[in-house]
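Under UniProt numbering, the first residue of the sequence shown is numbered 1, with each subsequent residue one higher.
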Amino acid sequence: MSTKRPANTFRNGPPQPRPKATLGSTKALPKTVSSRVKSSSRWGWVRQYMRDRPLVERIYRVTLKVVLWLFLSSIGAVIVLKYVPVWVTPLIVSRWVDTFGTDESSHVYKKWRSYDTISKEVALAVVASEDQDFPTHWGFDFDEIKDAMKENETRKLPRGASTISQQVAKNVFLWNGRSYIRKGLEVYFTALIELVWGKKRILEVYLNVAETGPMTFGVEAASQRYYGHSAESLSRNEAARMAAVLPNPRLFSISNPSNYVQRRTRQIAKQMRYLGGQKYIRNL
(Lines of atoms letter the chains of each structure in order from A; the text may use other names.)
(Lines give C-alpha, C1' and ligand atoms only; values in the text may rest on other atoms or scores of the structure.)
Protein backbone atom coordinates (compact mmCIF):
# COMPACT_ATOMS: atom_id res chain seq x y z
CA MET A 1 0.00 0.00 0.00
CA SER A 2 1.47 3.34 -1.07
CA THR A 3 1.84 6.02 1.57
CA LYS A 4 2.68 8.84 -0.86
CA ARG A 5 0.52 11.89 -0.24
CA PRO A 6 -1.11 13.71 -3.17
CA ALA A 7 0.70 16.82 -4.27
CA ASN A 8 -0.58 20.10 -2.84
CA THR A 9 -1.37 21.83 -6.11
CA PHE A 10 -2.54 24.98 -4.31
CA ARG A 11 0.77 25.49 -2.47
CA ASN A 12 3.22 23.97 -4.94
CA GLY A 13 1.55 24.83 -8.19
CA PRO A 14 2.56 27.71 -10.40
CA PRO A 15 1.75 31.16 -8.95
CA GLN A 16 -1.55 32.57 -10.09
CA PRO A 17 -1.50 36.10 -11.51
CA ARG A 18 -3.27 38.75 -9.42
CA PRO A 19 -6.22 40.53 -11.02
CA LYS A 20 -5.22 43.90 -12.33
CA ALA A 21 -7.10 47.00 -11.21
CA THR A 22 -9.17 48.56 -13.94
CA LEU A 23 -10.54 52.01 -14.32
CA GLY A 24 -13.99 50.67 -13.80
CA SER A 25 -13.12 49.40 -10.33
CA THR A 26 -13.42 52.90 -8.81
CA LYS A 27 -17.08 52.89 -9.74
CA ALA A 28 -17.66 50.36 -7.02
CA LEU A 29 -16.96 53.03 -4.39
CA PRO A 30 -20.03 54.62 -2.86
CA LYS A 31 -20.88 58.08 -4.21
CA THR A 32 -20.56 59.68 -0.78
CA VAL A 33 -17.02 58.34 -0.35
CA SER A 34 -16.06 59.50 -3.83
CA SER A 35 -17.45 63.00 -3.23
CA ARG A 36 -15.62 63.25 0.09
CA VAL A 37 -12.35 62.31 -1.58
CA LYS A 38 -12.88 64.93 -4.26
CA SER A 39 -13.87 67.67 -1.80
CA SER A 40 -10.93 66.90 0.48
CA SER A 41 -8.55 66.99 -2.47
CA ARG A 42 -9.98 70.32 -3.60
CA TRP A 43 -9.71 71.80 -0.12
CA GLY A 44 -6.15 70.49 0.11
CA TRP A 45 -5.34 72.16 -3.19
CA VAL A 46 -6.80 75.45 -1.94
CA ARG A 47 -4.82 75.27 1.30
CA GLN A 48 -1.62 74.51 -0.59
CA TYR A 49 -2.36 77.35 -3.02
CA MET A 50 -2.68 79.84 -0.14
CA ARG A 51 0.44 78.48 1.60
CA ASP A 52 2.41 79.11 -1.53
CA ARG A 53 1.06 82.68 -1.62
CA PRO A 54 1.35 84.26 1.85
CA LEU A 55 -0.33 87.51 0.75
CA VAL A 56 -3.46 85.65 -0.43
CA GLU A 57 -3.57 83.70 2.83
CA ARG A 58 -3.20 86.89 4.87
CA ILE A 59 -6.02 88.59 2.94
CA TYR A 60 -8.23 85.53 3.43
CA ARG A 61 -7.64 85.46 7.19
CA VAL A 62 -8.24 89.21 7.57
CA THR A 63 -11.45 88.99 5.53
CA LEU A 64 -12.68 86.08 7.60
CA LYS A 65 -12.02 87.97 10.85
CA VAL A 66 -13.77 91.10 9.56
CA VAL A 67 -16.86 89.16 8.47
CA LEU A 68 -17.00 87.35 11.81
CA TRP A 69 -16.57 90.62 13.71
CA LEU A 70 -19.34 92.33 11.69
CA PHE A 71 -21.65 89.38 12.25
CA LEU A 72 -21.13 89.34 16.02
CA SER A 73 -21.28 93.14 16.33
CA SER A 74 -24.56 93.27 14.37
CA ILE A 75 -26.14 90.79 16.77
CA GLY A 76 -24.77 92.76 19.72
CA ALA A 77 -26.13 96.05 18.34
CA VAL A 78 -29.59 94.57 17.84
CA ILE A 79 -29.62 93.20 21.40
CA VAL A 80 -28.50 96.54 22.89
CA LEU A 81 -31.01 98.57 20.89
CA LYS A 82 -33.82 96.38 22.12
CA TYR A 83 -33.52 98.26 25.42
CA VAL A 84 -31.71 101.53 24.59
CA PRO A 85 -33.42 104.44 22.77
CA VAL A 86 -32.26 104.99 19.20
CA TRP A 87 -31.04 108.58 19.28
CA VAL A 88 -29.20 108.73 15.94
CA THR A 89 -29.71 106.93 12.64
CA PRO A 90 -27.81 107.06 9.33
CA LEU A 91 -30.77 108.94 7.80
CA ILE A 92 -30.59 111.67 10.46
CA VAL A 93 -26.86 112.09 9.85
CA SER A 94 -27.43 112.17 6.09
CA ARG A 95 -30.12 114.86 6.33
CA TRP A 96 -27.92 116.90 8.68
CA VAL A 97 -24.95 116.71 6.29
CA ASP A 98 -27.18 117.76 3.39
CA THR A 99 -27.81 121.11 5.11
CA PHE A 100 -24.15 122.10 4.82
CA GLY A 101 -23.75 125.00 2.42
CA THR A 102 -27.50 125.62 2.14
CA ASP A 103 -29.97 128.03 3.68
CA GLU A 104 -31.83 125.18 5.34
CA SER A 105 -31.64 125.02 9.12
CA SER A 106 -29.36 122.29 10.46
CA HIS A 107 -31.37 121.90 13.67
CA VAL A 108 -32.72 118.38 14.12
CA TYR A 109 -36.15 118.04 15.72
CA LYS A 110 -36.27 114.74 17.54
CA LYS A 111 -37.47 113.52 20.91
CA TRP A 112 -37.75 109.92 22.05
CA ARG A 113 -40.99 108.75 23.64
CA SER A 114 -41.77 105.26 24.90
CA TYR A 115 -44.54 103.32 23.21
CA ASP A 116 -46.78 103.53 26.28
CA THR A 117 -46.71 107.35 26.22
CA ILE A 118 -47.59 107.68 22.52
CA SER A 119 -51.21 107.86 21.38
CA LYS A 120 -52.30 104.51 20.02
CA GLU A 121 -54.19 106.43 17.33
CA VAL A 122 -50.91 107.30 15.59
CA ALA A 123 -49.62 103.74 16.07
CA LEU A 124 -52.78 102.45 14.42
CA ALA A 125 -52.57 105.11 11.70
CA VAL A 126 -49.09 104.09 10.52
CA VAL A 127 -50.10 100.42 10.52
CA ALA A 128 -53.27 101.20 8.55
CA SER A 129 -51.39 103.27 5.98
CA GLU A 130 -48.03 101.50 5.73
CA ASP A 131 -48.42 97.83 6.69
CA GLN A 132 -51.82 96.42 7.64
CA ASP A 133 -50.45 92.88 8.04
CA PHE A 134 -47.81 94.09 10.50
CA PRO A 135 -49.26 92.25 13.55
CA THR A 136 -49.21 88.87 11.77
CA HIS A 137 -46.33 88.71 9.29
CA TRP A 138 -42.72 87.77 10.06
CA GLY A 139 -41.12 90.89 8.62
CA PHE A 140 -42.05 90.45 4.96
CA ASP A 141 -45.33 90.74 3.08
CA PHE A 142 -44.78 88.41 0.14
CA ASP A 143 -48.18 89.14 -1.41
CA GLU A 144 -47.36 92.85 -1.52
CA ILE A 145 -43.93 92.10 -2.96
CA LYS A 146 -45.47 90.05 -5.79
CA ASP A 147 -48.03 92.77 -6.55
CA ALA A 148 -45.35 95.47 -6.56
CA MET A 149 -43.15 93.45 -8.92
CA LYS A 150 -46.04 93.08 -11.38
CA GLU A 151 -46.97 96.77 -11.19
CA ASN A 152 -43.36 97.93 -11.55
CA GLU A 153 -43.16 96.25 -14.95
CA THR A 154 -45.34 99.05 -16.34
CA ARG A 155 -44.78 101.90 -13.84
CA LYS A 156 -42.26 104.66 -14.44
CA LEU A 157 -41.69 105.17 -10.73
CA PRO A 158 -41.27 101.85 -8.88
CA ARG A 159 -43.71 101.13 -6.05
CA GLY A 160 -42.17 99.83 -2.87
CA ALA A 161 -43.49 96.98 -0.77
CA SER A 162 -41.43 97.40 2.38
CA THR A 163 -43.05 96.52 5.68
CA ILE A 164 -42.65 98.58 8.83
CA SER A 165 -40.05 96.06 9.99
CA GLN A 166 -38.03 96.52 6.79
CA GLN A 167 -38.21 100.30 7.08
CA VAL A 168 -36.95 100.15 10.66
CA ALA A 169 -34.08 97.84 9.67
CA LYS A 170 -33.10 100.20 6.86
CA ASN A 171 -33.41 103.43 8.87
CA VAL A 172 -31.60 102.22 11.98
CA PHE A 173 -28.81 100.04 10.58
CA LEU A 174 -28.30 100.87 6.90
CA TRP A 175 -27.82 103.66 4.41
CA ASN A 176 -30.04 105.12 1.68
CA GLY A 177 -29.71 103.79 -1.83
CA ARG A 178 -30.64 100.90 -4.04
CA SER A 179 -28.28 97.96 -4.37
CA TYR A 180 -28.36 94.20 -3.95
CA ILE A 181 -25.90 94.42 -1.05
CA ARG A 182 -28.06 96.88 0.89
CA LYS A 183 -31.20 94.89 0.13
CA GLY A 184 -29.54 91.70 1.31
CA LEU A 185 -28.47 93.36 4.56
CA GLU A 186 -31.98 94.73 4.96
CA VAL A 187 -33.38 91.20 4.79
CA TYR A 188 -30.81 90.05 7.38
CA PHE A 189 -31.55 92.87 9.86
CA THR A 190 -35.31 92.57 9.33
CA ALA A 191 -35.25 88.90 10.30
CA LEU A 192 -32.97 89.69 13.24
CA ILE A 193 -35.13 92.43 14.77
CA GLU A 194 -38.27 90.35 14.25
CA LEU A 195 -36.59 87.59 16.23
CA VAL A 196 -34.96 89.71 18.96
CA TRP A 197 -37.13 92.82 19.31
CA GLY A 198 -40.69 91.70 18.67
CA LYS A 199 -43.55 93.70 17.18
CA LYS A 200 -44.08 96.21 19.97
CA ARG A 201 -40.44 97.31 20.05
CA ILE A 202 -40.26 97.52 16.24
CA LEU A 203 -43.32 99.78 16.15
CA GLU A 204 -41.96 101.87 19.03
CA VAL A 205 -38.68 102.46 17.17
CA TYR A 206 -40.53 103.25 13.94
CA LEU A 207 -42.66 105.90 15.67
CA ASN A 208 -39.49 107.52 17.03
CA VAL A 209 -37.17 107.43 13.99
CA ALA A 210 -39.49 107.83 10.99
CA GLU A 211 -38.97 111.07 9.06
CA THR A 212 -42.11 113.17 9.59
CA GLY A 213 -41.01 116.50 8.11
CA PRO A 214 -37.98 118.60 7.15
CA MET A 215 -35.30 117.78 9.74
CA THR A 216 -38.07 116.27 11.89
CA PHE A 217 -37.96 112.67 13.10
CA GLY A 218 -40.47 110.79 15.17
CA VAL A 219 -44.10 111.46 16.00
CA GLU A 220 -43.32 113.32 19.24
CA ALA A 221 -41.19 115.96 17.50
CA ALA A 222 -43.75 116.30 14.68
CA SER A 223 -46.66 116.60 17.10
CA GLN A 224 -44.97 119.32 19.13
CA ARG A 225 -43.73 121.18 16.05
CA TYR A 226 -46.90 121.08 13.92
CA TYR A 227 -49.75 120.57 16.40
CA GLY A 228 -48.37 122.28 19.48
CA HIS A 229 -48.91 119.38 21.89
CA SER A 230 -47.47 115.99 22.83
CA ALA A 231 -47.96 112.83 20.79
CA GLU A 232 -49.70 111.35 23.81
CA SER A 233 -52.87 113.32 22.99
CA LEU A 234 -52.98 112.98 19.20
CA SER A 235 -56.50 112.70 17.81
CA ARG A 236 -57.47 110.27 15.07
CA ASN A 237 -57.53 112.95 12.38
CA GLU A 238 -54.15 114.35 13.48
CA ALA A 239 -52.64 110.86 13.54
CA ALA A 240 -54.06 110.03 10.11
CA ARG A 241 -52.66 113.25 8.62
CA MET A 242 -49.23 112.50 10.11
CA ALA A 243 -49.31 109.05 8.56
CA ALA A 244 -50.47 110.51 5.24
CA VAL A 245 -47.19 112.40 4.70
CA LEU A 246 -44.89 109.46 5.51
CA PRO A 247 -44.32 108.38 1.89
CA ASN A 248 -42.52 111.70 1.27
CA PRO A 249 -42.39 113.95 4.38
CA ARG A 250 -40.06 116.42 2.66
CA LEU A 251 -42.61 117.04 -0.08
CA PHE A 252 -45.89 116.73 1.82
CA SER A 253 -46.67 118.95 4.81
CA ILE A 254 -48.51 118.22 8.04
CA SER A 255 -49.09 121.90 8.87
CA ASN A 256 -50.12 122.89 5.33
CA PRO A 257 -51.71 119.75 3.82
CA SER A 258 -52.35 119.61 0.09
CA ASN A 259 -55.52 118.22 -1.45
CA TYR A 260 -53.74 114.90 -1.88
CA VAL A 261 -52.75 114.79 1.81
CA GLN A 262 -56.28 115.68 2.90
CA ARG A 263 -57.77 112.97 0.69
CA ARG A 264 -55.25 110.42 1.91
CA THR A 265 -55.96 111.46 5.52
CA ARG A 266 -59.64 110.60 5.07
CA GLN A 267 -58.71 107.26 3.49
CA ILE A 268 -56.40 106.34 6.37
CA ALA A 269 -59.01 107.31 8.99
CA LYS A 270 -61.50 105.10 7.16
CA GLN A 271 -59.04 102.19 7.18
CA MET A 272 -58.47 102.70 10.90
CA ARG A 273 -62.20 102.25 11.53
CA TYR A 274 -62.29 99.28 9.15
CA LEU A 275 -59.51 97.52 11.12
CA GLY A 276 -61.54 97.86 14.30
CA GLY A 277 -59.73 100.74 16.00
CA GLN A 278 -57.01 100.49 18.61
CA LYS A 279 -57.84 96.90 19.54
CA TYR A 280 -56.22 95.85 16.23
CA ILE A 281 -52.77 96.58 17.70
CA ARG A 282 -53.55 95.88 21.35
CA ASN A 283 -51.79 92.51 21.53
CA LEU A 284 -48.50 93.28 19.76
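For glycine and all other residues, C-beta sits at the position ideal for the given N, C-alpha and C. Everything numeric in this text was worked out from a predicted model, so none of it was measured.
For Gln-278 and Lys-120, which I take to be in contact (beta-carbon distance under 8 Å), what is that distance rounded to the nearest angstrom? Position 278 of the sequence shown, counted from the start, is the residue given in the question as residue 278. Position 120 of the sequence shown, counted from the start, is the residue given in the question as residue 120. Contact flag correct, Cβ pair sits at about 4 Å.
Assess contact between the segment 229 to 247 and the segment 141 to 151, defined as three or more Cβ pairs (one per stretch) separated by less than 8 Å. Is contact present? no
Return yes when the Cβ of Ala-222 is within less than 8 Å of the Cβ of Ala-269, no when it is not. By one-based count along the sequence shown, residue 269 stands at place 269. By one-based count along the sequence shown, residue 222 stands at place 222. A distance of 8 Å or more separates the beta carbons of Ala-269 and Ala-222.
Just tell me which of Lys-111, Arg-95, Thr-163 has its CA closest to the CA of Glu-104. Looking up residue 104 in the sequence shown gives position 104. Looking at the Cα atoms, Arg-95 is the closest of the given residues.
Just to check my reading of the structure: Gln-132 and Leu-275 have Cβ atoms closer than 8 Å, yes? What is that Cβ distance to the nearest angstrom? Translated into the one-based positions of the sequence shown, residue 132 becomes position 132. Translated into the one-based positions of the sequence shown, residue 275 becomes position 275. At roughly 7 Å, the Cβ-Cβ gap stays under 8 Å, so Gln-132 and Leu-275 are in contact.
Can you give me the C-alpha to C-alpha distance between Glu-186 and Ser-74, rounded to a whole angstrom? Taking the sequence shown and counting its residues from 1, the one referred to as residue 186 is at position 186. Taking the sequence shown and counting its residues from 1, the one referred to as residue 74 is at position 74. Straight-line Cα distance between these residues: approximately 12 Å.
Can you round the beta-carbon distance between Thr-163 and Phe-134 to whole angstroms, since I take them to be within the 8 Å contact cut? For the purposes of this step, residue 163 is identified with residue 163 of the sequence shown, where counting begins at 1. For the purposes of this step, residue 134 is identified with residue 134 of the sequence shown, where counting begins at 1. Rounded, the Cβ-Cβ distance is 7 Å, consistent with contact.
Could you spell out where the beta strand (DSSP E) holding Glu-211 opens and where it closes? Counting from 1 along the sequence shown, the entry for residue 211 is found at position 211. Taken as a continuous stretch (DSSP letters only), the beta strand (DSSP E) holding Glu-211 covers 211 to 213.
Own chain partners of Val-127 with C-beta closer than 8 Å, once the 5 adjacent residues on each side are dropped: Numbered from 1 along the sequence shown, position 127 holds the residue referred to as residue 127. Contacts found: Phe-134, Pro-135, Ile-164, Leu-203, Leu-275, Tyr-280, Ile-281.
CB of Asn-171 within 8 Å of CB of Leu-91, strictly: Indexing the sequence shown from 1 puts residue 171 at position 171. Indexing the sequence shown from 1 puts residue 91 at position 91. Yes. Within cutoff.
Quick one: what's got a C-beta closer than 8 Å to Ser-258's C-beta in the same chain, skipping five residues either side? Here residue 258 refers to the residue found at position 258 of the sequence shown. Correct list, in chain order: Phe-252.
Whose CA, out of Gly-213, Arg-225, Val-78, lies closest to the CA of Ala-243? As a first step, residue 243 is located in the sequence shown; it is residue number 243 there, counting from the start. The candidate whose alpha carbon is nearest that of Ala-243 is Gly-213.
Three-state secondary structure assigned by DSSP to Phe-217: Here residue 217 refers to the residue found at position 217 of the sequence shown. The answer is strand: DSSP assigns Phe-217 an E or B state.
How would you label Thr-26, buried or exposed, when you count the other beta carbons within 10 angstroms and need 16 or more for buried? Your numbering for residue 26 matches position 26 in the sequence shown. Here the model assigns Thr-26 a pLDDT of 48, short of 50, so the residue's position is not dependable, and the following value carries that caveat. By the 16-neighbour rule on beta-carbons within 10 angstroms, Thr-26 is exposed.
Three-state class that DSSP yields for Tyr-83 in the structure shown: The count along the sequence shown starts at 1 and reaches residue 83 at position 83. Coil at Tyr-83, not helix or strand.
Could you check whether Ser-230 and Glu-220 sit closer than 8 Å to each other, using their CB atoms as the reference points? To locate residue 220, count along the sequence shown from 1; it is residue 220. To locate residue 230, count along the sequence shown from 1; it is residue 230. Yes, these two residues count as a Cβ contact at 8 Å.
Given Ile-193, which residues of its chain have a CB within under 7 Å of its CB, disregarding the five upstream and five downstream residues? Numbered from 1 along the sequence shown, position 193 holds the residue referred to as residue 193. Val-78, Ser-165, Val-168, Ala-169, Ile-202, listed in sequence order.
If we count the other Cβ atoms within 10 Å of its Cβ and call it buried at 16 or more, is Phe-217 buried or exposed? Locating residue 217 in the sequence shown gives position 217, counting from the first residue. Label assigned to Phe-217: buried.
Tell me which residues share the same chain as Arg-250 and place their Cβ nearer than 7 Å to its Cβ, disregarding the 5 neighbours each side in the sequence. As a position in the sequence shown, residue 250 is number 250, starting the count at 1. So the list reads Pro-214, once near-sequence residues are dropped.
Leu-226 and Ser-179 closer than 8 Å at C-beta: By one-based count along the sequence shown, residue 226 stands at place 226. By one-based count along the sequence shown, residue 179 stands at place 179. Before going on, a small fix: residue 226 reads as Tyr here, not Leu. Between Tyr-226 and Ser-179, the gap from beta carbon to beta carbon reaches 8 Å or more.
What distance in whole Å lies between the Cβ atoms of Lys-82 and Val-261, which are believed to be in contact at a cut-off of 8 Å? Working through the sequence shown from its first residue, we reach residue 261 at position 261. Working through the sequence shown from its first residue, we reach residue 82 at position 82. Not confirmed; about 34 Å, so no contact.
What runs of the beta strand (DSSP E), each 3 residues or longer, lie entirely inside the segment 75 to 142? none
Gly-184: first and last residue of the uninterrupted alpha helix (DSSP H) it sits in: Counted from its first residue, the sequence shown places residue 184 at position 184. Run containing Gly-184: 180 to 196, per the alpha helix (DSSP H) assignment.
Is the CB-CB distance between Lys-200 and Leu-284 below 8 Å? Along the sequence shown, read from residue 1 onward, the residue named residue 200 stands at position 200. Along the sequence shown, read from residue 1 onward, the residue named residue 284 stands at position 284. Yes.
Val-80 to Leu-70 span [Cα, whole Å]: Start at 1 with the first residue of the sequence shown, and residue 80 comes out as number 80. Start at 1 with the first residue of the sequence shown, and residue 70 comes out as number 70. Between Val-80 and Leu-70, the C-alpha separation is close to 15 Å.
With distances taken Cα to Cα, identify the nearest neighbour of Val-86 among Lys-65, Lys-111, Asn-248, Gln-267. Here residue 86 is taken as the residue at index 86 of the sequence shown, counted from 1. Minimum Cα distance to Val-86 is reached at Lys-111.
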